[in-house]
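If you want the working numbering, it's the position in the sequence shown, counting the first as 1, plus 65.
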Amino acid sequence: VGNTAAAGRAYEALLANLEQRVRQETDPSVRRDLAVSHTKLGNIRMTQGDLPAALDNYQTARTMLSELTAADPGRLEWFGDLAMNDDKIGNVLMTQGNLAGAAQAYQESLSIKKELAGHGPERDDLQRELTISYDEIAGLARAAGRLDDAQAAYEESLRIRLALAAKQPDNAERQRDVSVSHDTIGDLKRERDDPAGALAAYRDSLDIVERLASRDPDNTELQRDLSVGNTKVGNALNDQENWPAALSAYRQALSQAQALADSDPDNTDWQRDLSVSLEKVAGVLAIQGDRKGALKLYLDSFTIVDRLARLDPANSDWQRDLSITLSEIGMLKAKQRDIKGARKAFEDSLDIRQELAQSDPENATWQRDLVVAMIDYSQVARNPRAVLSEALERTLELDRSGRLAPRYKFMIKFLQDRLARTK
């Protein structure tokens, strides 16, 4: 059972002790321990959803590690600490929607890791660190709509991980890494409108995770992997309109997510997973005609995501989650003829997506999200033609700039047809 609050207090006490030792001792190793402790406390702050505090810890650690490596370039392990800390900085900036800042942090990390790998090509741990950077860079490329670049980076990561797993078939961490790569490639295949390819990749991933979890049932990381894996299998089945199979996968994921969320209410990652699972089940129920059951689950999810979004308004992931939940609630209210309730939900969703899209015009996902919010809002807007016209222009601009993924190309004709039917 996790307890992030207690872990945070423990690291704060450790930091206080190390800071006192740094003032009293000249041994640089003590300063390195202090820097690493800042990184670990930053990890806890991330889990708690406090991005500004996490970034402050990571940047403090970076300043110390930069000074230490400059003073003693022969301590290669300290360069490794610096690279991993840069990864953490990139993760925070990515979550905050600062793609340019995240790209710089990830590239700095990759440069260090490549140099370290050159010093020890036989070291598996250094090769593994390279795969983490390739995944991060691929994630950035996906967010920017550069799917070919993303695929190249993901495939390079998978190539390295398969080689490492083949060398150590009994190493659970190496096997889990392969499952993560299959997952990310599955995500990319979905974006390329290849649900069958995505389903195959997701099942390859889930097969690995199920084997690992059966050997270590108390491992919460693997339990979370099971929940996420079942969700992704459900997504691919949903894309293929196999509703019964999708619902079964989603219900399995929900059961696993609920158990984790109940075990540590302070773990915001697990709370977010629970909200996602609730909405996945709700989505299929709505398709099957159970609008009442679907709305209840969406409202349960709203309670979670609204709390998270208020906890840290700068967390763009949580703001996006909130906008999606509001949109789904609006859709159901519209079908129930609650036009006033639908308009309020759609307007709140649209406001969030406009703010996100304006904060980073290069983020293709957020620009597409804004178009979807406009389409939703047009159902209850007082001037639907104006809303749809702007949505079409934004979609055409995404397509002209090469940032409209293949699975979303249909939106152009959809909007053109909708406009033609709208007075």
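All residues carry an ideal CB built from backbone N, CA and C; glycine is no exception.
**Q.** alpha helix (DSSP H) segment containing residue 405, residue limits
**A.** The continuous alpha helix (DSSP H) containing residue 405 extends over residues 404-424.
Q.
Taking only three categories from DSSP, how would you classify residue 82?
A. Assigned with DSSP and collapsed to three states, residue 82 falls in helix.
Q: Compare the C-alpha of residue 424 against each of 205, 394, 162, 127 and name the closest.
A: Ranking the options by Cα distance to residue 424, first place goes to 162.
(Q) Quick check on residue 353: does DSSP put it in helix, strand or coil? (A) Residue 353 falls in the coil class under three-state DSSP.
(Q) Looking only at its chain, what residues have a beta carbon closer than 6 Å to the beta carbon of residue 476, apart from the 5 residues adjacent to it on each side? (A) Cβ neighbours of residue 476 beyond the five flanking positions: 460.
Q.
With distance defined between alpha-carbon atoms, name the residue in 320, 166, 148 nearest to residue 193.
A. Selected option, being the one with the closest Cα: 148.
Q: Return the chain-ordered ranges of every alpha helix (DSSP H) run that is complete within the stretch 111-171 and spans a minimum of 4 residues.
A: DSSP runs (the alpha helix (DSSP H)) wholly in the stretch 111-171: 116-136, 141-160.
**Q.** Nearest-angstrom beta carbon gap, residue 483 and residue 453 [assumed within contact, 8 Å]
**A.** Indeed, because the Cβ distance is near 6 Å, the residues count as touching under 8 Å.
**Q.** Proximity of residue 239 and residue 253 at Cβ, strictly below 8 Å
**A.** Taking 8 Å as the Cβ cut-off, residue 239 and residue 253 do not qualify as a contacting pair.
(Q) Could you tell me the alpha carbon to alpha carbon distance between residue 66 and residue 85, rounded to whole angstroms? (A) Note that residue 66 scores 36 on pLDDT, short of 50, meaning its location in the model is unreliable and no value can be drawn from it.
Q.
If you follow the alpha helix (DSSP H) that residue 91 is in, where does it begin and where does it stop?
A. Note, residue 91: premise wrong, no alpha helix (DSSP H); not H, not E.
Q: Compute the Euclidean distance between the alpha carbons of residue 208 and residue 377, then round it to the nearest angstrom.
A: Residue 208 and residue 377: Cα-Cα distance of roughly 21 Å.
Q) Shortest alpha-carbon distance to residue 168 belongs to which of 184, 151, 182, 181? A) Closest option to residue 168, Cα to Cα, is 151.
Q.
Can you tell me whether residue 294 is buried or exposed? The criterion is at least 16 other CB atoms within 10 Å of its CB, across all chains shown.
A. If you draw a 10 Å sphere on the C-beta of residue 294, you find 16 or more other C-beta atoms in it, and that means buried.
**Q.** Endpoints, the alpha helix (DSSP H) within which residue 271 is located
**A.** Looking at the DSSP string, the run of the alpha helix (DSSP H) that includes residue 271 is 260-280.
**Q.** Contacts around residue 203, its chain only, beta-carbon distance under 6 Å, and the 5 residues preceding and following it disregarded
**A.** Excluding five sequence positions before and after residue 203, the CB atoms of its chain that fall closer than 6 Å to its own CB belong to 215, 218, 219, given in chain order.
Q. By Cβ distance, which residues of its chain are closer than 6 Å to residue 394, with the 5 residues on each side in sequence left out?
A. Contacts found: 363, 410.
Q: Ignore the nearest five residues each way along the sequence and tell me which others in residue 291's own chain have a CB closer than 6 Å to its CB.
A: Hits under 6 Å: 274, 278, 321.
Q) Hey, residue 195 and residue 141: beta-carbon distance below 8 Å or not? A) Taking 8 Å as the Cβ cut-off, residue 195 and residue 141 do not qualify as a contacting pair.
(Q) Suppose you measure from the CA of residue 386 to the CA of residue 370; what does that come to, to the nearest Å? (A) Taking the straight line from one Cα to the other gives about 7 Å.
Q: Taking residue 328 as the reference, give the member of 347, 283, 464, 247 with the closest Cα.
A: With distances taken between Cα atoms, residue 328 lies closest to 283.
Q) Alpha carbon to alpha carbon, what distance is there between residue 83 and residue 98? A) If you take the alpha carbons of residue 98 and residue 83, they lie about 8 Å apart.
Q.
Taking a contact to mean a Cβ-Cβ separation below 8 Å, would you say residue 160 touches residue 205 in this structure?
A. No, Cβ-Cβ distance for residue 160 and residue 205 is not below 8 Å.
Q | Runs of alpha helix (DSSP H) wholly within the stretch 206-246 (minimum 4 residues, chain order) | A | Entirely contained in the stretch 206-246, the alpha helix (DSSP H) runs reaching 4 residues are, in chain order, 212-232.
(Q) For a quick check, are the C-beta atoms of residue 175 and residue 166 less than 8 Å apart? (A) Cβ atoms of residue 175 and residue 166: not closer than 8 Å.
Q: Compute the distance between the beta-carbons of residue 415 and residue 439, then report whether it is under 8 Å.
A: Going by C-beta atoms, residue 415 is nearer than 8 Å to residue 439.
Q: Could you have a look at residue 325 and say whether DSSP puts it in helix, strand or coil?
A: Helix at residue 325.
(Q) Pop quiz: residue 298 and residue 271 are said to be a contact at Cβ under 8 Å. What is the actual Cβ separation, rounded to whole angstroms? (A) Contact between residue 298 and residue 271 holds: CB atoms are separated by about 6 Å, below the 8 Å threshold.
Q: Taking only the alpha-carbon atoms, compute the straight-line gap between residue 305 and residue 87 and give it to the nearest angstrom.
A: In a straight line, the C-alpha of residue 305 is about 59 Å away from that of residue 87.
Q | Assigned secondary structure, residue 474 (DSSP; H/G/I helix, E/B strand, else coil) | A | The three-state secondary structure of residue 474, taken from DSSP, is coil.
Q) Exposed or buried, what is residue 231 when buried is set at 16 or more other beta-carbons lying within 10 Å of its beta-carbon? A) Residue environment analysis places residue 231 among the exposed positions, since fewer than 16 neighbouring C-beta atoms fall within 10 angstroms of its C-beta.
Q: State the DSSP-derived secondary structure class of residue 445, mapped to helix, strand or coil.
A: It is coil, neither helix nor strand.
Q: Please look up how many angstroms separate the CB atoms of residue 457 and residue 480, rounded, as I've assumed it's under 8 Å.
A: About 4 Å; that satisfies the 8 Å criterion.
Q | Cut-off 8 Å between Cβ atoms - residues of its own chain near residue 77, not counting five sequence neighbours on either side | A | Setting aside the 5 residues that flank it on each side, residue 77 is surrounded in the same chain by 106, each with a C-beta closer than 8 Å to its C-beta; the list follows chain order.
Q: Starting from the Cα of residue 366, find the closest Cα among 198, 112, 335, 312 and give me that residue.
A: For the residues 198, 112, 335, 312, the minimum Cα distance to residue 366 belongs to 335.
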